[in-house]
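J.: Sequences listed follow chains P and W, in order. Remember, my numbering sits 353 above the position in the first sequence when you count from 1. Remember, my numbering sits 353 above the position in the second sequence when you count from 1. Pasting in a structure now, in structure tokens, and then I'll have a few things to ask.
Number of protein chains: 2
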Amino acid sequence: MFEDKNNPKEIENLGEFGLINHLTSQIKLKNPTSVKGVGDDAAVIAPSKNKQIVVTTDMLVEGIHFDLIYTPFKHLGYKAVTVNLSDVYAMNAVPTQITVSIAVSNKISIEALEELYEGMLLACEIYGVDLVGGDTTSSNSGLIISITAVGEAEKKEIVYRNGAKENDLICVSGDLGGAFMGLQLLEREKQIFNENPAIQPDFSGYDYVLERQLKPEPRQDVIEMFKELGVQPTAMIDISDGLSSEVIHICTQSGVGCTIYEDKLPIDPLTVSTAEEMNLNPSVCALNGGEDYELLFTISLEDYEKIKEQKRVAIIGHITSDKGKYEFVSNGDTVHELTAQGWNAILKKEDEN
Amino acid sequence: MFEDKNNPKEIENLGEFGLINHLTSQIKLKNPTSVKGVGDDAAVIAPSKNKQIVVTTDMLVEGIHFDLIYTPFKHLGYKAVTVNLSDVYAMNAVPTQITVSIAVSNKISIEALEELYEGMLLACEIYGVDLVGGDTTSSNSGLIISITAVGEAEKKEIVYRNGAKENDLICVSGDLGGAFMGLQLLEREKQIFNENPAIQPDFSGYDYVLERQLKPEPRQDVIEMFKELGVQPTAMIDISDGLSSEVIHICTQSGVGCTIYEDKLPIDPLTVSTAEEMNLNPSVCALNGGEDYELLFTISLEDYEKIKEQKRVAIIGHITSDKGKYEFVSNGDTVHELTAQGWNAILKKEDEN
Numbered sequence: 354m355f356e357d358k359n360n361p362k363e364i365e366n367l368g369e370f371g372l373i374n375h376l377t378s379q380i381k382l383k384n385p386t387s388v389k390g391v392g393d394d395a396a397v398i399a400p401s402k403n404k405q406i407v408v409t410t411d412m413l414v415e416g417i418h419f420d421l422i423y424t425p426f427k428h429l430g431y432k433a434v435t436v437n438l439s440d441v442y443a444m445n446a447v448p449t450q451i452t453v454s455i456a457v458s459n460k461i462s463i464e465a466l467e468e469l470y471e472g473m474l475l476a477c478e479i480y481g482v483d484l485v486g487g488d489t490t491s492s493n494s495g496l497i498i499s500i501t502a503v504g505e506a507e508k509k510e511i512v513y514r515n516g517a518k519e520n521d522l523i524c525v526s527g528d529l530g531g532a533f534m535g536l537q538l539l540e541r542e543k544q545i546f547n548e549n550p551a552i553q554p555d556f557s558g559y560d561y562v563l564e565r566q567l568k569p570e571p572r573q574d575v576i577e578m579f580k581e582l583g584v585q586p587t588a589m590i591d592i593s594d595g596l597s598s599e600v601i602h603i604c605t606q607s608g609v610g611c612t613i614y615e616d617k618l619p620i621d622p623l624t625v626s627t628a629e630e631m632n633l634n635p636s637v638c639a640l641n642g643g644e645d646y647e648l649l650f651t652i653s654l655e656d657y658e659k660i661k662e663q664k665r666v667a668i669i670g671h672i673t674s675d676k677g678k679y680e681f682v683s684n685g686d687t688v689h690e691l692t693a694q695g696w697n698a699i700l701k702k703e704d705e706n
Numbered sequence: 354m355f356e357d358k359n360n361p362k363e364i365e366n367l368g369e370f371g372l373i374n375h376l377t378s379q380i381k382l383k384n385p386t387s388v389k390g391v392g393d394d395a396a397v398i399a400p401s402k403n404k405q406i407v408v409t410t411d412m413l414v415e416g417i418h419f420d421l422i423y424t425p426f427k428h429l430g431y432k433a434v435t436v437n438l439s440d441v442y443a444m445n446a447v448p449t450q451i452t453v454s455i456a457v458s459n460k461i462s463i464e465a466l467e468e469l470y471e472g473m474l475l476a477c478e479i480y481g482v483d484l485v486g487g488d489t490t491s492s493n494s495g496l497i498i499s500i501t502a503v504g505e506a507e508k509k510e511i512v513y514r515n516g517a518k519e520n521d522l523i524c525v526s527g528d529l530g531g532a533f534m535g536l537q538l539l540e541r542e543k544q545i546f547n548e549n550p551a552i553q554p555d556f557s558g559y560d561y562v563l564e565r566q567l568k569p570e571p572r573q574d575v576i577e578m579f580k581e582l583g584v585q586p587t588a589m590i591d592i593s594d595g596l597s598s599e600v601i602h603i604c605t606q607s608g609v610g611c612t613i614y615e616d617k618l619p620i621d622p623l624t625v626s627t628a629e630e631m632n633l634n635p636s637v638c639a640l641n642g643g644e645d646y647e648l649l650f651t652i653s654l655e656d657y658e659k660i661k662e663q664k665r666v667a668i669i670g671h672i673t674s675d676k677g678k679y680e681f682v683s684n685g686d687t688v689h690e691l692t693a694q695g696w697n698a699i700l701k702k703e704d705e706n
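Laid out in structure tokens, this is it:
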């Protein structure tokens with residue numbers, strides 16, 4: 354199926370089945386719910402008793418979601434899996450299996466694909482998930498990765514986006530804006546390199562924001578914390594497109610409004626300094642940057658005592674009964690309207706200033 | 354997310370969320386196991402009591418798996434779904450949900466995407482399946498469709514590829530080679546059209562083979578037949594890559610050999626006449642053509658009486674104990690070795706003759 358004439362010993366000679374076998378031969382199923390993995394018409398899963406199944410899928414396209422100039426294949430594989438697991442955790446469920454489909458152009462070597470799968474299997478191992486199936490095909494242009502993740506939870510544990518109620522506290526795990534600053538840094542160095550290939554990028558001191566962009570970790574620990582503390586969030590979503598956008602998703606689906614406070618936004622000092630270095634407003638980056646893969650959730654007031662000492666959680670605002678009214682209170686106590694701008698808007702705005 | 358500068362009223366203005374909403378707004382969940390569909394971080398499924406879940410995924414890439422020159426979008430959507438359902442039926446399971454991810458270049462209009470989804474939702478309706486989630490993104494080049502299908506069956510009903518035993522009968526549903534002849538016809542007319550756009554393609558009389566290629570139906574009826582007759586196949590696979598290749602998959606995984614008889618191969622008269630018109634051997638097309646999406650299965654001898662009167666099933670050979678020996682007995686009683694050639698080999702061979 355692959356037709357790389359320049360590289361006959363590589364992908365072409367293995368063929369589609371050979372390639373799948375080659376990439377998946379080392380997989381051993383570990384999750385007790387995985388009955389049958391790669392190698393039949395479908396994978397077979399035995400759901401745990403009384404559990405519901407969650408299914409989520411994401412497609413990553415070269416040139417749109419990732420740039421192979423600065424994305425190592427192993428990191429790419431790791432991230433492709435973790436962004437899907439993040440969606441499973443956002444349902445308050447535990448991921449159990451993934452399937453992986455890839456379309457590969459002939460410019461990609463078998464070694465690169467091996468690294469991609471190494472990254473995917475590392476994420477599977479860390480988060481207790483089995484890779485149980487998929488599809489491998491050729492592409493006329495670029496690499497496309499489509500991953501479907503399956504998870505499970507008891508019916509009463511599952512958290513939707515539509516359960517936020519008036520006076521609920523709005524909480525977020527970890528810190529925000531770092532992944533976006535990592536991306537800006539990579540793009541800046543790429544541009545410098547393109548203009549003068551003799552200048553090697555210098556990333557020293559920026560490890561944290563680069564890692565936030567290239568190797569995000571889904572918040573398994575937060576889901577476990579909920580179980581330990583006996584907290585059931587009223588609504589939850591993971592932050593892939595930016596805090597503003599996700600808060601508005603929760604409010605829209607719950608039929609409520611919100612107030613978010615700028616001085617409560619959790620932002621890492623390195624995110625702040627990197628943003629300032631690039632003449633960007635750190636709060637705007639935190640609100641609209643995206644790709645943080647933190648969990649945004651609401652809890653009822655009565656759970657406040659349980660969660661207030663948790664350092665990994667910041668309470669950033671509360672839910673109001675004003676349906677459709679999304680308030681952002683800035684450090685100067687000015688009230689702004691919160692809008693889902695996305696990162697294009699950040700850069701455009703800064704550009705205009 | 355979409356950046357079609359030439360077509361600002363179209364996809365770009367809707368944005369990713371708008372596009373997903375637009376395409377999925379009419380979906381009503383019908384399958385009793387579907388708890389939550391599009392609109393949250395993940396879909397939620399409540400598996401029926403005591404059932405196992407099967408999961409399968411396929412990726413279709415423009416220019417590799419389909420040619421938009423002669424593939425109507427509605428047919429493409431329909432086929433993208435049915436080829437996945439075929440994999441579910443090949444496990445002797447009943448499909449219940451699908452997720453759909455698409456990457457779309459800016460040359461594709463919203464109307465085209467609507468037709469694509471119309472075809473997908475038609476297939477969902479006919480086969481009792483819900484579209485419960487997915488992802489929509491932009492692509493720098495071409496259309497990519499990645500579908501994951503979920504199904505369920507009791508543990509004891511599920512049929513794997515590895516259960517074929519010596520003396521089992523090898524059976525196939527429907528007829529073979531038609532989809533391949535349909536493809537050859539479309540490719541021939543495309544070439545004529547490219548050479549002289551004034552000549553309009555004439556497909557009259559070829560309906561059956563064209564439909565086999567453009568709008569394949571998965572064999573739900575065969576799975577229902579098994580239940581009615583009380584037949585449990587010992588091994589099963591769907592024919593996507595060609596009979597030879599699939600027989601060999603069953604034999605390899607079951608650790609057995611096989612004998613297939615040319616005079617037992619079910620081939621439609623139109624497939625025969627179209628093949629002859631193109632100087633192709635109909636049996637070779639049936640063996641290696643692929644994309645028929647028929648079911649290939651083995652049954653134990655004691656089920657012969659139950660199945661022998663079924664017109665939709667042909668018994669084409671039997672399983673032997675000669676592991677790794679795959680025999681094809683031609684009409685002249687000559688014994689050939691069966692190999693998984695794929696359709697490239699057919700065309701090359703005919704070309705050399």
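Glycine included, C-beta positions come from ideal geometry on N, C-alpha and C. Being a predicted model, the structure only gives us computed values, none of them experimental.
Hey, would you say A399 of chain W sits closer than 8 Å to Q606 of chain P, going by beta carbons?
T.: Cβ atoms of A399 of chain W and Q606 of chain P: not closer than 8 Å.
J.: Pick helix, strand or coil for E705 of chain W, following the three-state DSSP scheme.
T.: Residue confidence is low: E705 of chain W scores 49 on pLDDT, short of 50, so the model does not pin down where it sits. Its coordinate-derived value is still stated next. Helix at E705 of chain W.
J.: Would G504 of chain W and M444 of chain W be called neighbours here (beta carbons separated by less than 8 Å)?
T.: Taking 8 Å as the Cβ cut-off, G504 of chain W and M444 of chain W qualify as a contacting pair.
J.: Is the shortest distance between the beta-carbon of N374 of chain W and the beta-carbons of chain P less than 8 Å?
T.: Chain P contact via Cβ: absent.
J.: Give a yes or no on whether 8 Å exceeds the smallest Cβ distance from V441 of chain P to chain W.
T.: Answer yes: the Cβ-Cβ gap between V441 of chain P and chain W drops below 8 Å somewhere.
J.: If we ignore side chains and look at the alpha-carbon of each, how far apart do E356 of chain W and L372 of chain P end up?
T.: In this predicted model, E356 of chain W has a pLDDT of only 30, less than 50, meaning its place in the structure is not dependable; the value taken from the coordinates is given anyway. For E356 of chain W and L372 of chain P, the distance between alpha carbons rounds to 34 Å.
J.: Using the beta-carbon count (16 or more within 10 Å), is L654 of chain W buried or exposed?
T.: Exposed.
J.: Count the C-beta pairs between the region 521-531 of chain W and the region 426-446 of chain P that are closer than 8 Å, then say yes if the count reaches three, no if not.
T.: No, because fewer than three Cβ pairs between the region 521-531 of chain W and the region 426-446 of chain P fall closer than 8 Å, the two stretches do not touch.
J.: Of all the alpha helix (DSSP H) runs that stay within the bounds of the region 585-612 of chain P, which reach a length of 4 or more residues?
T.: Taking only runs of at least 4 residues, the alpha helix (DSSP H) segments lying wholly in the region 585-612 of chain P are 596-607.
J.: Quick one: using the 10 Å Cβ neighbour count with 16 as the cut-off for buried, is P622 of chain P buried or exposed?
T.: Per the 10 Å Cβ criterion, exposed.
J.: I'd like to confirm the pairing. Which residues does DSSP put opposite T410 of chain W in its beta bridges?
T.: Partner(s): W:T501.
J.: Identify whether L382 of chain P lies in helix, strand or coil by the three-state DSSP scheme.
T.: Note: L382 of chain P maps to coil in three-state DSSP.
J.: At the level of alpha carbons, what is the spacing between T587 of chain P and L438 of chain P?
T.: Answer to the nearest angstrom: the Cα atoms are 20 Å apart.
J.: Determine the closest residue to V388 of chain P out of P:D411, P:L469, P:V482, P:Q544, with distance taken between C-alpha atoms.
T.: The candidate whose alpha carbon is nearest that of V388 of chain P is P:V482.
J.: Quickly, what does DSSP pair Y559 of chain P with across the bridge? List them, please.
T.: In the DSSP output, where bridge partners are listed per residue, Y559 of chain P has none listed.
J.: Taking C-beta pairs closer than 9 Å, name the residues in chain W that K381 of chain P reaches, listed in chain order.
T.: What K381 of chain P touches in chain W: nothing, since even the nearest Cβ is about 18 Å away.
J.: Do the CB positions of S597 of chain W and A693 of chain W come within less than 8 Å of each other?
T.: In this structure, A693 of chain W lies closer than 8 Å to S597 of chain W by Cβ.
J.: Suppose you measure from the CA of I603 of chain W to the CA of D574 of chain P; what does that come to, to the nearest Å?
T.: Computed Cα separation, rounded: 43 Å.
J.: Determine, using beta carbons only, whether I497 of chain P comes closer than 8 Å to chain W.
T.: Yes, I497 of chain P lies at the interface with chain W (some Cβ there is under 8 Å from its Cβ).
J.: Could I get the ranges of all uninterrupted beta strand (DSSP E) runs contained in the region 629-694 of chain P, with 3 residues as the minimum, in chain order?
T.: The qualifying runs are 648-652, 666-673, 679-682, 688-690.
J.: Closest Cβ-Cβ distance between K389 of chain P and chain W: below 8 Å?
T.: Chain W contact via Cβ: present.
J.: What are the start and end residues of the alpha helix (DSSP H) that includes D574 of chain W?
T.: 573-582 is the extent of the alpha helix (DSSP H) around D574 of chain W.
J.: Taking DSSP as the reference, what is the three-state secondary structure of A456 of chain W?
T.: If DSSP states are grouped into helix, strand and coil, A456 of chain W belongs with the strands.
J.: How many whole angstroms separate the CB atoms of T627 of chain W and V688 of chain W, which I take to be in contact at a CB cut-off of 8 Å?
T.: With 8 Å as the limit, T627 of chain W and V688 of chain W do not qualify as a contact, their Cβ atoms being about 28 Å apart.
J.: Would R565 of chain W be called buried (16 or more neighbouring beta carbons within 10 Å of its own) or exposed?
T.: Burial call: buried.
J.: Under 7 Å Cβ to Cβ from S683 of chain P, same chain only, skipping five residues before and after it: list those, please.
T.: Within the same chain, S683 of chain P has close Cβ partners E615, H689.
J.: Cβ of I511 of chain W less than 8 Å from any chain P Cβ?
T.: Yes - at least one Cβ of chain P is within 8 Å of the one on I511 of chain W.
J.: Determine the DSSP secondary structure at S626 of chain P, reduced to helix, strand or coil.
T.: If DSSP states are grouped into helix, strand and coil, S626 of chain P belongs with the helices.
J.: I need the DSSP call for I373 of chain P, collapsed to helix, strand or coil.
T.: It is helical.
J.: Between I592 of chain W and chain P, is there a C-beta pair that is closer than 8 Å?
T.: Closer than 8 Å: no.
J.: For chain P, check one thing: does any of its Cβ atoms lie closer than 8 Å to the Cβ of G643 of chain W?
T.: So no, G643 of chain W is outside the interface.
J.: Does G486 of chain P get closer than 8 Å to chain W when you measure Cβ to Cβ?
T.: Yes, because at least one Cβ of chain W sits closer than 8 Å to the Cβ of G486 of chain P.
J.: Who pairs with Q537 of chain W in a beta bridge, going by DSSP?
T.: Answer is none; Q537 of chain W lacks a bridge partner.
J.: Quick one: which chain P residues come within Cβ less than 7 Å of P400 of chain W?
T.: Those are P400, I406, listed as they occur along chain P.
J.: Kindly indicate which three-state DSSP category K404 of chain W falls into: helix, strand or coil?
T.: It is a strand residue.
J.: Report the residue from P:T673, P:S499, P:V397, P:K427 whose alpha carbon sits nearest the alpha carbon of A465 of chain P.
T.: Nearest option by C-alpha distance: P:K427.
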